[in-house]
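For the sequence shown, the tail end lands on 123 under the working numbering, and the numbers increase by one without skipping.
Idealized CB from N, CA, C, for every residue including glycine.
Keep in mind the model is a prediction, meaning the values are calculated, not measured.
I have placed the structure first, in the form of structure tokens, so that the comments after it can refer back to it.
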Amino acid sequence: MRVLAEAPFRLWMAVSGTLGVTTQRQLRQRLHDQVEDGHREFFLDLQELRCADGLFEGEPRTLFPKDPATRFHLIGAPDRIRESVTGDPRFTLYADPGSAWRQWADGA
């Protein structure tokens with residue numbers, strides 16, 4: 016997990032590697048900590064993230080804090096994550112960083 020950009024209340028992070036039991040817990044904790052620190056909008060580049068087989072016995076949505084004021088912009092999310100958040104108004108899905116970056120810039 017790397018922070019690529021930060022603005023008041025917003026973070027752009029890149030997450031890469033394999034999301035397994037340990038890394039799932041780390042990602043969840045990092046996002047929850049950032050919400051506690053006052054961040055409310057996350058741009059998460061997940062293009063280089065792979066989900067380990069059998070990882071999500073529960074919902075992949077449990078990765079994300081349940082705070083209704085928090086918004087997540089997921090870029091290139093793996094199928095399992097994308098499918099679990101479809102229809103949730105807190106999530107916006109992007110196929111590539113370009114369209115997400117335009118949204119980031121518009122919010123500046």
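Tell me whether residue i is buried or exposed, calling it buried when 16 or more other Cβ atoms sit within 10 Å of its Cβ.
i, result
"Pro83", "exposed"
"Pro104", "exposed"
"Pro80", "buried"
"Val100", "buried"
"Leu19", "exposed"
"Ala92", "buried"
Could you spell out where the alpha helix (DSSP H) holding residue i opens and where it closes?
i, result
"Ala29", "Counting along the chain, Ala29 falls outside any alpha helix (DSSP H), though it belongs to the beta strand (DSSP E) covering Arg25 to Leu34."
"Ala120", "Pro112 to Asp121"
For residue i, which of helix, strand or coil comes out of DSSP?
i, result
"Asp52", "coil"
"Thr101", "coil"
"Leu46", "helix"
"Asp60", "strand"
"Thr37", "helix"
Could you pull the start and end residues of the beta strand (DSSP E) that residue i belongs to?
i, result
"Arg17", "Arg17 to Ala22"
Taking C-beta to C-beta, are residue i and residue j nearer than 8 Å?
i, j, result
"Ile90", "Pro112", "yes"
"Val30", "Asp60", "yes"
"Phe57", "Leu26", "yes"
"Phe87", "His54", "no"
Open item on the list: As an exercise, report each continuous beta strand (DSSP E) stretch of at least 3 residues that is fully enclosed by the stretch 62-92, in chain order.
Closed with: 86-90
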